[in-house]
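K.L.:
I have a structure I would like to understand better, so I am pasting it below and will then ask my questions one at a time.
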Amino acid sequence: ADVRDLFDTSRRYALALMEYLDSVGVTVRDGDSRRLKK
């Protein structure tokens, strides 16, 4: 919800963005949340 609100977009597009960031190694899923990769 934080990313969705930050970019003022729908859940669909926010989730796609987060999945893309996971795939290129910017973020990592940690349970139900994500964090920046070290």
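Residue numbers (this note's numbering): 64 to 101. All C-beta atoms in this analysis are idealised placements derived from N, C-alpha and C, irrespective of residue type, glycine included.
#1: Taking the continuous alpha helix (DSSP H) assigned at V66, which residues delimit it?
#2: On the three-state DSSP scale, how would you describe S86?
#3: Opposite R92 in the DSSP bridges: which residues?
#4: Cutting at 8 Å between CB atoms, please list the residues of its own chain near V66, excluding the five before and the five after it.
#5: For T72 and Y83, what's the separation of their Cα atoms in angstroms?
P.N.:
With the structure as the only source:
#1: D65 to F70
#2: helix
#3: R97
#4: A77, L80 and M81
#5: 16 Å
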